[in-house]
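Down below is the structure, laid out as structure tokens.
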Amino acid sequence: MNTSTNTPTNEGQSPENSLAINLRNQMVKIFEKDHNMLAKTKNRASKKLDELVTIFNEKDALIHSLKEEILSIKKEQMQDETTTNQKLEIATLKGQLEESRSMFSEIIKENTTLFKRALENSSNQLKEKTTTYSEVVKQKEKITSEKTTVIVAALDQKATAKEVQEKLAKNLGNTCEAGKIKKIITGKQQQVIIKMTGIEEANQLREKIKENEKLKNELKVTQPKPKTHEVIVYGIPDGTQQEDITKSITIALNKTPETQTVAKIFEDKNKRMHAIVRLPTIDAKKLITIGRIFISFLSCTVKPYHTLIRCFKCQEIGHKTHTCTNEERCGKCCGKHDTRKCEVDKNYSCVNCVNHNKKNGSGFDTAHCAYDRKCSTQVKIMNELRDAFRRNRQQHQPNQTVNHE
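Here the sequence shown stands for residues 88 to 492, where the numbers follow my numbering.
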């Protein structure tokens, strides 16, 4: 296509038209130039923008990375602080634990020592207290005061204790060494009671008095009756005789007691038979320690028998008639006369309960004899004696047992 026909020319045109065309062409060129420059600028701006976006993304990634690092560092710091605090707490706890351990160690040591001592003491006590039947039987008999005591009295009832002493001094002189005499006292019935240092010495003195020609016709020599104690033998076989009981006691003690009296054989409400036996105190204690005797192949338990001492003159409990200094009182009617001469058959009055009510305001029933087993005063005293005996036995023989081999 020929463009020459479309391009205006200056031929045949006026000067104004050619000027306008030139101006238009120049403006077109300027516009094209500006357009190109704008396009270039736009391209450069776009590139710069892309670069800035890239830089921004890089920076943003860097910032994000830094944030993560900061958070990580903070976490580590927090962990370090927590670890440090935990370490401090652990160290504190360890210190407290060590203190507690040392304290408990000391306590354990002290208590272990105390426990060992207590165990040793208990073992020693058990060794001392726990005895066998054979050991109890083999125990040496203690020297009682009765066996070392010599009682001397005149055959003439009018003679005084002083006269008896003068006769002993005149006829025996220094034949009885003073060092062998422990004590001399005067009895209530004008007796001279001489306590020697041993059984052999007491026997020698008795023999000297009996062998002396003058003294044997003027003085009598006796030995105090041994103190006795009653025991109760539970569950004896039916038909048991007194001889069966005394033989069994002799076998159990491996000796014959100086005195043994079967005071009573009785049946309880359950139809069981029991026996009360009076023995010398030392034999009674040994038999109680043994704890049983065997009758007809039956094991019978032996225990202390608690009874009350009663005065038949004043009716009081706790002393005997021959030592009483009170006025006479009747055991039936509470009158001031001998009970055996009382004619009262009913309307009894107990002098002990009457006196107890006056003294303590206890309100005991008085309509019974003084020797009635259901007497409130007697029951009260009996219960007190039993409680005292239990306490005394627990205090002095807490672990004593006997093994029957």
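Ideal placement from N, C-alpha and C gives every residue a C-beta, glycine not left out.
For clarity, every value in this text was computed on a predicted model and none was experimentally measured.
Close CB contacts of R359 within its chain, under the 8 Å cut and outside five residues either way in sequence, are with Y321, G322 (chain order). Cβ neighbours of G418 within its own chain (closer than 6 Å, five residues either side excluded): Q402, T426, C456, A457, Y458.
Comparing alpha-carbon positions, the option among V140, I117, I380, K407 lying closest to V318 turns out to be I380. In the three-state reduction of the DSSP assignment, I319 falls in the strand class, which pools E and B.
DSSP places H455 in the coil class of the three-state scheme, outside both helix and strand. Here F384 is exposed, its C-beta having fewer than 16 other C-beta atoms within 10 Å. Beyond the five residues adjoining it in sequence on each side, H316 comes within less than 6 Å, by CB distance, of T368, A371 in the same chain, given in chain order. Taking the CA atoms as reference points, F451 sits about 22 Å from E415. With a minimum length of 4 residues, the unbroken runs of alpha helix (DSSP H) contained wholly in the stretch 301–352 fall at 329–340. The C-beta distance from Q291 to V239 rounds to 14 Å, too long to fall under 8 Å, and the pair is not in contact. DSSP, reduced to helix, strand and coil, places L255 within a helical segment of the structure shown. Straight through space, the alpha carbons of T128 and L153 are spaced by roughly 36 Å.
Cβ-Cβ distances below 6 Å link T453 to S436, C437, C440, V441 in the same chain, with the five nearest sequence neighbours on each side left out; the list follows chain order. Per the coordinates, the alpha-carbon of K282 lies some 38 Å from the alpha-carbon of V466. DSSP places H406 outside both helix and strand once states are collapsed to three, so it counts as coil. Pairing I375 with K390 gives a Cβ-Cβ distance under 8 Å. Note on geometry: alpha-carbon atoms of A289 and A241 lie some 18 Å from one another. Counting every other CB atom within 10 Å of its CB across the protein chains shown gives K446 a total below 16, marking it as exposed.
In chain order, T408, C411, N413, E415, R416 place their CB closer than 8 Å to the CB of K400, counting only its own chain and leaving out the 5 sequence neighbours on each side. When C-beta atoms of the stretch 335–348 are compared with those of the stretch 299–306, fewer than three pairs fall below 8 Å, so the two segments do not count as touching. Rounded to the nearest whole angstrom, the CA to CA distance from D147 to E138 is 14 Å. The alpha helix (DSSP H) runs of length 4 or more contained entirely in the stretch 418–450 are, from start to end of the chain, 438–447. Shown here, H361 sits in a strand according to DSSP, grouped into three states. Distances from the alpha-carbon of N299 to those of I338, A362, L255, K234 put L255 closest.
When DSSP states are grouped into helix, strand and coil, K270 belongs to the strand group. Here the alpha carbons of L302 and D474 stand approximately 50 Å from one another. With 16 or more other Cβ atoms from the protein chains shown falling within 10 Å of its own Cβ, V251 counts as buried.
The beta carbon of Q329 is closer than 7 Å to those of V349 in its chain, skipping five residues each way along the sequence.
Nearest Cα to T247 within the set K270, I280, G260: I280. It is roughly 5 Å from the alpha-carbon of G285 to the alpha-carbon of T235. The beta-carbon separation of K295 and L340, rounded to 32 Å, does not stay under the 8 Å limit for a contact. Within the same chain, and ignoring the five residues on either side of K461 in sequence, the residues whose Cβ sits closer than 8 Å to its Cβ are H455.
Distance between K245 and H406, taken at the CA atoms: about 28 Å.
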